[in-house]
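K.L.:
Numbering (full-length UniProt numbering), first residue to last: 1 to 603.
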C-alpha cells in the first residue's frame with residue numbers, strides 16, 4: 001500500500017492511500033476523460049500538500065478554492081509581466097536565449113525564425129545598454145515589436161520571411177494581451193513563489209496561454225538555478241489541467257525546430273524542488289518527455305480505447321489489470337508510483353460549490369490586487385537609427401539557420417476557412433461559401449488551401465444529394481494546431497467520409513433512444529439497447545480487415561452490422577465471409593444510403 005503524508009483516497013479494502021510529498025517533485029500525471037475526477041484529485045492534492053502552489057487555469061476551475069483557502073487569483077487582465085526582464089541573478093544574454101526558446105516553442109516558430117528572434121532580442125538589449133549596465137529599465141514586448149517593425153530593410157534580404165513571421169506572432173500577442181506586457185517590471189515573481197496563486201488564462205488565444213505558462217515555468221527554473229536552490233526537497237508545485245497545450249507531442253516531433261526547451265525543463269526542475277502536476281484527457285497527444293518524466297501516474301476512467309491503451313502500456317498493466325481499469329467509475333483510479341505495482345483507489349471527494357462569479361472575485365480579491373506593484377514602461381528609443389541598411393546582421397548572435405521545411409503562409413480568409421473545417425468537419429462546401437461575400441471568393445480561398453496541401457476534397461452522398469467535404473492533411477493538421485492554436489479533435493477513424501457515416505449512424509441510434517458510442521470495444525459504433533448489444537462496422541472497401549473485425553465482434557456481441565459504401569463492397573465482403581466460414585444470422589449488411597432517412601433501417 002502506498003504511504004506518505006498526502007492522502008488521495010482509499011483502497012478498495014478501506015485503507016488510506018497516501019503519496020510521499022517529497023516524491024511530488026518528480027512530477028505527477030493524471031489522465032482521464034472529462035468528468036472522471038481529475039479536477040477533484042487536484043483539489044485534494046492542493047489541500048494536502050504543505051508547499052506553495054501555482055495553478056495555470058484555462059477554465060476558471062480553481063478560483064472557487066478561494067472560498068476555503070488563502071489564494072491570490074489573477075485573471076490575465078490583472079496580471080503584469082515583462083517576459084524580457086530576467087529573474088534575479090540571471091544574465092541578460094542567457095535570458096535572451098531562454099526567452100527566444102519559450103516564445104518560439106509556444107508559437108511554433110521553426111529554427112530560422114527563432115534565430116531571427118534571438119538576434120532581435122540581443123539587439124534590443126544592446127539598445128538599452130543592458131550588457132554594460134544591470135540597472136532597469138528593461139524593454140517590453142512592445143519595444144521588441146517596434147524594433148522588428150523598424151527593420152524594414154530586411155525585405156531586401158532572405159531573412160524577410162523570418163522577420164514577417166516573428167512580427168506576426170508578436171503583434172497577435174500584444175494586441176490580445178497587451179495590458180499584461182505593458183510594464184518595464186511586472187509583479188515580483190520571487191514574492192509570488194511564496195504564495196498560492198491561480199493564474200487564469202481563459203479567454204486568451206492558445207499561443208498566448210502557452211507562452212505565459214512556458215515563460216513562467218522557465219522564469220522559476222532559471223531563478224532557482226541562479227540562486228543555487230538545489231536538493232532541499234519539494235519547494236513548490238505547478239498545477240496544469242490541460243497538459244497537451246504545453247506538452248504537445250506534435251511540437252516535440254517537429255524536428256525542424258529541435259527538441260523543445262520545455263521538455264528539457266521538465267527533467268531539470270525536480271532537482272530544484274519544483275514539482276509538476278499535469279492532467280489531460282488525451283495522453284496520446286502528450287509529449288513522450290512528460291510521460292517519461294512523471295514518477296507518479298493516475299489512470300482515471302477513459303472511454304477512448306486508444307487513449308486508454310496509451311496509459312495502460314506506460315503503466316505496464318497486465319491483461320487482468322487492464323480489464324479492471326476499463327471498468328473504473330467516476331472518482332476511481334489506478335495509481336502507480338515509480339516502478340511499484342499499480343494500486344486501485346477510490347479518490348477522496350472534495351465538496352466545493354463552483355459559484356465564484358467575476359463580480360465575486362473582484363470583491364474577494366480587490367485588496368490582493370491593489371497590494372501588487374509594477375513599474376510602467378520606459379520610453380522607446382529611436383530604433384530606425386539602429387537598423388541601418390546592410391548592417392542589420394552585425395549583431396553578436398548565433399548564425400541564422402535556414403528552415404529546411406519552410407513556413408506555410410496563408411491569408412486571413414484562408415485561416416478563417418480552415419478554422420471552420422476543423423470545427424465543423426462535416427459541413428458542405430456550399431454552406432462554407434455562404435460565409436464569404438460570394439461563392440467565387442469562397443471557392444478561391446478553398447483552392448488556396450487545396451493548392452498548399454492543407455486539405456483534400458472528398459464527396460459523400462446524403463439524402464439531399466452530393467456533398468463535398470474537406471479532409472485535413474497531416475500538413476493541415478499541424479498548421480491548424482501550431483499556427484492557429486486550434487485543438488484538432490478527431491472522433492472516429494479513417495478519412496472524413498468514413499467519420500461522416502460513423503457520426504450519422506451513431507446519431508440515428510441515439511435519436512431512437514439508445515446509447516451509442518464511437519470506437520468503444522474496438523468497433524466503429526457500439527450500441528447498447530438494454531438487453532441487446534450491437535456493433536456497426538463502417539466499410540469503405542472490400543478489405544480483409546473488415547472480416548477480422550466481424551470475427552472478433554461475433555464472440556462478444558448479439559449482432560454485427562456492416563454498413564457498406566455500395567453494393568460492390570457489400571457483395572465482396574459477403575464472399576469473404578463465406579470463404580472464412582463466417583456466415584452467421586447475426587451479421588446484417590446495410591448500405592450507407594439506408595442511413596440517409598430520418599429512421600433507422602429495420603432492425
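Virtual Cβ for every residue (Gly too), placed ideally from N, Cα, C.
Could you pull the DSSP bridge partners for residue 185 from this structure?
P.N.:
375.
K.L.:
Between which residues of its own chain and residue 190 is the CB-CB distance below 7 Å, once the five residues before and five after are set aside?
P.N.:
Within the same chain, residue 190 has close Cβ partners 88, 223.
K.L.:
Give the secondary structure of residue 332 by DSSP, where H, G and I count as helix, E and B as strand, and everything else as coil.
P.N.:
Of the three classes helix, strand and coil, the one that applies to residue 332 here is strand, per DSSP.
K.L.:
Between the alpha carbons of residue 374 and residue 125, how many angstroms are there, rounded?
P.N.:
Approximately 20 Å between the Cα atoms of the pair.
K.L.:
For the structure I just gave you, are there three or more beta carbon pairs, one from the region 529–547 and one from the region 502–516, closer than 8 Å?
P.N.:
They touch, by the three-pair rule.
K.L.:
Using a Cβ-Cβ cut-off of 7 Å (strictly less than) and excluding sequence neighbours within five positions of residue 232, which residues of its own chain qualify?
P.N.:
The answer, listed in chain order, is 273.
K.L.:
DSSP state of residue 444, grouped into three classes?
P.N.:
Helix.
K.L.:
Label residue 42 either buried or exposed according to how many other C-beta atoms from any shown protein chain fall within 10 Å of its C-beta, with 16 as the threshold for buried.
P.N.:
With 16 or more other Cβ atoms within 10 Å, it is buried.
K.L.:
Kindly indicate which three-state DSSP category residue 514 falls into: helix, strand or coil?
P.N.:
Residue 514: coil per DSSP, three-state reduction.
K.L.:
Find the nearest neighbour of residue 69 within the set 376, 47, 567, judged by alpha-carbon distance.
P.N.:
Among 376, 47, 567, the Cα nearest to that of residue 69 belongs to 47.
K.L.:
Do residue 100 and residue 140 have their C-beta atoms within less than 8 Å of each other?
P.N.:
No, they are not a contact pair.
K.L.:
Mind checking which residues open and close the beta strand (DSSP E) that includes residue 57?
P.N.:
Note, residue 57: beta strand (DSSP E), 53–57.
K.L.:
Is there contact here, the region 577–587 with the region 540–557, by at least three beta-carbon pairs under 8 Å?
P.N.:
Cβ pair count under 8 Å is three or more, so yes.
K.L.:
What separation, rounded to the nearest whole angstrom, lies between the Cα atoms of residue 472 and residue 194?
P.N.:
The straight-line gap from Cα to Cα measures roughly 46 Å.
K.L.:
Specify the secondary structure class of residue 280 as computed by DSSP and reduced to three states.
P.N.:
If DSSP states are grouped into helix, strand and coil, residue 280 belongs with the strands.
K.L.:
Take residue 376 and list the residues in its own chain whose beta-carbon comes closer than 7 Å to its own, dropping the five residues that flank it on each side.
P.N.:
These residues qualify, in order along the chain: 183, 184.
K.L.:
Please classify residue 25: is it buried, with 16 or more other beta-carbons within 10 angstroms of its beta-carbon, or exposed?
P.N.:
Flag for residue 25 reads buried.
K.L.:
So, at 6 Å on beta carbons, what are the nonlocal neighbours of residue 335 in its own chain, with the 5 sequence-adjacent residues on each side left out?
P.N.:
Cβ neighbours of residue 335 beyond the five flanking positions: 298, 343, 345.
K.L.:
Can you name the residues that DSSP bridges to residue 557?
P.N.:
Answer by DSSP bridge pairing: none, since residue 557 is not bridged.
K.L.:
Measuring CB to CB, does residue 198 end up less than 8 Å from residue 63?
P.N.:
The answer is yes: Cβ separation under 8 Å.
K.L.:
Three or more C-beta pairs under 8 Å: does that hold for the region 76–86 against the region 202–215?
P.N.:
Touching, yes.
K.L.:
For residue 483, which of helix, strand or coil comes out of DSSP?
P.N.:
Coil.
K.L.:
Assuming residue 219 is part of the beta strand (DSSP E), what are its boundary residues?
P.N.:
Note, residue 219: premise wrong, no beta strand (DSSP E); alpha helix (DSSP H) at 206–226.
K.L.:
Could you please give me the residues that DSSP links to residue 589 through a beta bridge?
P.N.:
BP columns for residue 589 point to 562.
K.L.:
How long is the line joining the alpha carbons of residue 61 and residue 39, rounded to whole angstroms?
P.N.:
Each residue's Cα considered, the two are about 8 Å apart.
K.L.:
Compute the Euclidean distance between the alpha carbons of residue 459 and residue 469, then round it to the nearest angstrom.
P.N.:
Residue 459 and residue 469: Cα-Cα distance of roughly 6 Å.
K.L.:
According to the Cβ coordinates, are residue 589 and residue 574 closer than 8 Å?
P.N.:
Yes, these two residues count as a Cβ contact at 8 Å.
K.L.:
Check whether the region 516–527 and the region 447–459 touch, using three or more Cβ-Cβ pairs below 8 Å as the test.
P.N.:
Judged by Cβ distances under 8 Å, the region 516–527 makes no contact with the region 447–459, as fewer than three pairs qualify.
K.L.:
What separation, rounded to the nearest whole angstrom, lies between the Cα atoms of residue 15 and residue 496?
P.N.:
Taking the straight line from one Cα to the other gives about 49 Å.
K.L.:
Since residue 23 contacts residue 337 with CB under 8 Å, what's their CB separation in whole angstroms?
P.N.:
Contact holds; Cβ gap of about 7 Å.
K.L.:
Could you give the distance in angstroms between the alpha-carbon of residue 318 and the alpha-carbon of residue 365?
P.N.:
Cα-Cα distance, rounded: 49 Å.
K.L.:
Helix, strand or coil: how does DSSP classify residue 572 here?
P.N.:
Looking at residue 572 - three-state DSSP - the assignment turns out to be helix.
K.L.:
Under three-state DSSP, which class holds residue 356?
P.N.:
Here residue 356 sits in coil by DSSP.
K.L.:
Tell me the DSSP secondary structure of residue 238 in three-state form.
P.N.:
In the structure shown, residue 238 sits in a strand (DSSP, three-state: E or B).
K.L.:
Quick check: residue 250 and residue 439, are their CB atoms within less than 8 Å of each other?
P.N.:
No, they are not a contact pair.
K.L.:
Answer yes or no: do residue 604 and residue 281 have a C-beta to C-beta separation smaller than 8 Å?
P.N.:
Residue 604 cannot be examined here, being either before or after the span of the chain that is shown, 1 to 603.
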